[in-house]
Amino acid sequence: MKLLIVESPAKAKKIQSLLGRGWTVRACLGHVRDLPARKEDLPEKHCALPWARLGVNVEDNYAPLYVIREGKHKTIQDLKAAAKGAEQVLLASDPDREGESIAWHLAVLLGLGKEAQRVTYQEITQSALRQAVAHPRPIDYHLVGAQETRRVLDRLAGYGVSPLLWSAVGGNQSAGRVQSAALMLLSQREQSRLAFVPASYWRVTVGVDSCPPFRATVVALRDVPLATAASFTPQGELKPDVQVVQLDAGKAEQLKAYLERQWGVVQAVEVTPVTRKPPAPFTTSTLQQAANARLKLGAATVTKLAQALYENGFITYIRTDSPSLSEEAQTLAREAIQGRFGPTALPEKARQYATRSANAQEAHEAIRPAGKFLIPEDAGLSGDELALYRLIYDRTLASQMRDATGEKTSITLKAGQVTLHASGTRLIEKGFTVLYDDQEADEDEQALPRVQVGESFALRDARAEEKRSSAPARYTEGKFVQLMERAGIGRPSTYGSTLDTLQKRGYVTVRQRQLHVTPLGLLIAGYLMRQVPQLVDTTFTAQMERDLDRIAEGELTRTQYLDGVWKGNLAPAIERAGRTPPRVQVPHLDAVFEVRAGQVQVRAQGRSVPLPEGLLPEDLTEKTLADVLNGTFKGKRIKREASTKGKAPRKTRRTAGSSGKASARKGARSP
DNA sequence: CAGTGAGCGAGCTTCCGCTTGACTT
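Heads up: the first sequence at position 588 corresponds to 587 in the numbering used here, and the numbers run straight through without jumps.
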């Protein structure tokens, strides 16, 4: 009997059926050993050591101390038992940095020594597996070293910086390479929104009486462009060097009246062909984004639904950064397309997609229907599960369909000294869009008639509306996950939990599916930016990845890298950092957020008062600020039952989770 | 004399990334 160890139980089941007799396939469920989270997790002889809290001996070449993870003792015992009777043990954890590390930890725990045999494969088919198990290789210790370096750096940074926040702010605050960079991105967006001053401009449109009619927009007067949102700075001022006409209500009204008496003469018609390519199959981040936008589902819900679909064999693995499809999947997708839309819907060759994110490890393929590509209606699913499966199914098929082609028409008209413009796109070959249209509807897009230069049409029904330039939008969870991926912050398995952490700490909250930064979040980000700017720098991770690659190649050692980043950079910054409570200017008001005695307060007019719970920076206006200062603030959140409800269980949970003393006290108090 | 309360001190919090259930609410 030969033993093959993989990470996921669902995968183990599938591989077991493919390899058949003579093989035992078991799952280790991810990492089995890790640095100790707390002192108590350490073996007794190490408890007194000065680096016990860290679990890393910086002075001994950053030697890590590993313990078996909570809840993994039984898994290890079972694997040990299985390995004992096996003639051969193959370590088949995922083909990436973390997977290599898992293989090494397993080799140590199972006592396989230097002879440990590692296998990897890119797809789960009989031929790929037979090929893989026939050619095991030794563990790649350079790659393991790269993972260990990543782990040690994250521990040093996280456990090094978090205590700064405990002394400056209090409570169980946290900071880390990923969560703090993410918080910084959100905080910057929030700040620029708060500081944003909208500018007003006018948009004048008029109906063109052609057949069929269409609407044209005034773009210039006497060849000087009309101001649009793009003409203004975020401070609401006209951009320098911009020559535009700014209308006011009166002028807009005059223009409106003028246009309705005029004829529009076609000055130019431009027709350009357009081609739209289908979007790539889903990765973790693009699935989150699409499900968030189309199905209005939050990140946690999508993960839960997708996990269930995966476990029941409907879709492939859900934590992936690769958009590529295996050959088997391409064939199945093409067959499904042909069956439903006929052979003309297929391009000659299957499309292959490559990742666009810099740090992709591509250990798995895209998220797609698994097995035989069950048609959604026949899958026996319902509700959100069905909706999500259909989304994945349609996107996968669409990715293998023909491009959509058509033409974009752009018409310029003149009415006296007024220049008008209209544009519209018409798809001729609908291609993949019959199944999955990823274009957001644009209000200016319309079907345009064929017109000739020199033709003139009556103008009627002119409308003038005042518009305001708008601040950069908040991120939805989906959009933010995409941003994290693009910036290389975090991994597919952690995008969701990073958002959870930021919410649990009270730095970020979700309102109407959008991510808002709380006053505490702004304070934490402000403090970190001042004291440890390295940590919130979004390029920090990108540079780390490059260095880890060099470690994996054997061009750099762990000690060299960590000496530079830790001893030479982060550690001195932590040493220097001030412990004074942070303050942040409220961008849109004459006030500051500050921390006093561990409480978030707002200071204005020489007074400082605690902020009501649940109050977000955007809720603060001249009026609400005055109410807060006078103690007359009546936020609905304070009186609402929900807020007290939400608080109580958190407290009980904390009591229950803390030491035995606390529960004894609790027991004594109860009748 | 018993019970209460202020004040003090000690101990705790925390990272990222890989996997699922087994638990509540």
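Glycine is no exception: its CB is placed at the ideal position from the N, C-alpha and C atoms. Note that the structure is predicted; figures quoted are calculated from it, not measured.
Excluding sequence positions up to five away, which residues of its chain have a Cβ less than 6 Å from the Cβ of Arg694?
Nothing about residue 694 can be read from this structure; the chain reaches only from 0 to 670.
Label Gln172 either buried or exposed according to how many other C-beta atoms from any shown protein chain fall within 10 Å of its C-beta, with 16 as the threshold for buried.
It counts as buried.
DSSP three-state call for Ser371: helix, strand or coil?
One point to set straight first is that residue 371 is Lys, not Ser, in the sequence displayed. Lys371: coil per DSSP, three-state reduction.
Keeping to the same chain, check which residues put their C-beta closer than 8 Å to that of Ala446; ignore five residues upstream and five downstream.
The residues are Pro211, Phe213, Gly423 and Arg425.
Taking C-alpha atoms, which residue in Val452, Ser455, His45 and Glu361 lies nearest to Glu122?
Among Val452, Ser455, His45 and Glu361, the Cα nearest to that of Glu122 belongs to Glu361.
Is the number of C-beta pairs between the stretch 182-189 and the stretch 456-475 that are closer than 8 Å three or more?
Touching, per the Cβ criterion.
What did DSSP end up calling Phe213 once you bin it into helix, strand or coil?
Here Phe213 sits in strand by DSSP.
Under the DSSP definition of a beta bridge, which residues are partnered with Tyr65?
None, per the DSSP bridge assignment.
In the DSSP assignment, the alpha helix (DSSP H) including Asp383 goes from what residue to what residue?
Its alpha helix (DSSP H) spans residues Gly382 to Ser398.
For a test of the three-state rule: what should DSSP assign to Leu89, helix, strand or coil?
Leu89 falls in the strand class under three-state DSSP.
If you draw a straight line from the C-alpha of Arg578 to the C-alpha of Leu163, how long is it?
For Arg578 and Leu163, the distance between alpha carbons rounds to 7 Å.
Any idea what DSSP makes of Glu464, helix, strand or coil?
Strand, per DSSP.
How would you call Val223, buried or exposed, if buried means at least 16 neighbouring beta carbons within 10 angstroms?
Val223 is exposed by the Cβ-count criterion.
On the criterion of 16 or more Cβ atoms from any shown chain inside 10 Å, does Cys27 qualify as buried, or is it exposed?
Its Cβ being crowded by 16 or more others within 10 Å, Cys27 is buried.
What number of angstroms, rounded off, separates the C-alpha of Ala359 from the C-alpha of Ala386?
For Ala359 and Ala386, the distance between alpha carbons rounds to 28 Å.
Only counting runs of 3 or more residues, tell me where the beta strand (DSSP E) segments fall wholly within the stretch 231-287, in order along the chain.
Qualifying beta strand (DSSP E) stretches, in chain order: 262-275.
Classify Asp589 as buried or exposed, calling it buried when 16 or more other Cβ atoms lie within 10 Å of its own Cβ.
Exposed, because fewer than 16 other Cβ atoms sit within 10 Å of the Cβ of Asp589.
Taking the beta carbon of His363 as the centre, do at least 16 other beta carbons fall within 10 Å, making it buried, or is it exposed?
Buried.
Quick one: give me the first and last residue of the beta strand (DSSP E) that Thr204 is part of.
It spans Ser199 to Val207 - the beta strand (DSSP E) in which Thr204 sits, taken as one unbroken run.
Hey, how far is the Cα of His515 from the Cα of Gln438?
When rounded, the distance between both Cα atoms is 26 Å.
Given this structure, state the Cα-to-Cα distance separating Pro586 from Asp402, to the nearest angstrom.
Approximately 46 Å between the Cα atoms of the pair.
For the alpha helix (DSSP H) that contains Ser166, what are its first and last residues?
Tyr140 to Ala167 is the extent of the alpha helix (DSSP H) around Ser166.
In this structure, how does DSSP classify Trp50 when only helix, strand and coil are distinguished?
Coil, per DSSP.
With Val24 as the anchor, note down where its beta strand (DSSP E) starts and where it stops.
Start and end: Trp22 to Ala26.
Check each candidate in His72, Gln502 and Gly54 and name the one with the smallest Cα separation from Gln178.
Comparing Cα-Cα distances from Gln178 to each of His72, Gln502 and Gly54, the minimum goes to Gln502.
Under a Cβ-count criterion, where at least 16 other Cβ atoms within 10 Å of its own Cβ denotes burial, should Lys238 be classed as buried or exposed?
Per the 10 Å Cβ criterion, exposed.
Give the straight-line distance between the Cα atoms of Gln542 and Leu555, rounded to the nearest whole angstrom.
Their Cα atoms are separated by approximately 14 Å.
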